[in-house]
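213 is the number of the first residue of the sequence shown in the numbering used here; add one for each residue after it. A virtual CB, placed ideally from N, CA and C, is assigned to each residue, including glycine. Have a look at the structure below before the remarks.
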Amino acid sequence: AAGAFAAACRRLRVLNAVRRPGVGLPLTAQQYDRLGPEALADRLLARGEHLLALRCCEYLRLPLDGVLAAWACEEVARAAAQGVDDEEALARVGGRLALARPQAAAYA
Numbered sequence: 213a214a215g216a217f218a219a220a221c222r223r224l225r226v227l228n229a230v231r232r233p234g235v236g237l238p239l240t241a242q243q244y245d246r247l248g249p250e251a252l253a254d255r256l257l258a259r260g261e262h263l264l265a266l267r268c269c270e271y272l273r274l275p276l277d278g279v280l281a282a283w284a285c286e287e288v289a290r291a292a293a294q295g296v297d298d299e300e301a302l303a304r305v306g307g308r309l310a311l312a313r314p315q316a317a318a319y320a
């Protein structure tokens, strides 16, 4: 019973986070259950909500690699569009990856 209560609380916290006006993803509990947390993270990434996707995955104890990779790709594309050189783009992405996940920085 305690595990079910904890799972329900986690689900409600995630649903409340994605329903906030700034995000505006109208998702019911039933839709969340059918969709699953991984697909929800993918939807958040598609909307550019990388930080929220990361926080949800951390909270639900899901792998962060996909979220971090999607953010890094978007950040590199944004840097290229702004004319930032490769070294500076690497420094931006690598530095933040090191803060978010120290073992991931080795791949940057």
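Pairwise C-beta distances place the stretch 252 to 268 in contact with the stretch 228 to 241, as three or more of them are shorter than 8 Å. Sixteen is the threshold: when 16 or more other Cβ atoms of the shown chains lie within 10 Å of the Cβ of Ala282, as they do, the residue is buried. In this chain, the alpha helix (DSSP H) harbouring Val305 covers Asp298 to Ala312. Annotated as proximal: Leu257 and Gly278, with beta-carbon spacing under 9 Å. About 5 Å separates the beta carbon of Ala301 from that of Val288, a gap short enough to meet the 8 Å contact definition.
The DSSP-derived three-state label of Gln242 is helix. Annotated three-state conformation of Ala213 is coil, per DSSP. Assignment of Glu250 by DSSP, reduced to helix, strand and coil, places it in the helix class. Residue state for Arg273 is assigned as coil, using DSSP reduced to three classes.
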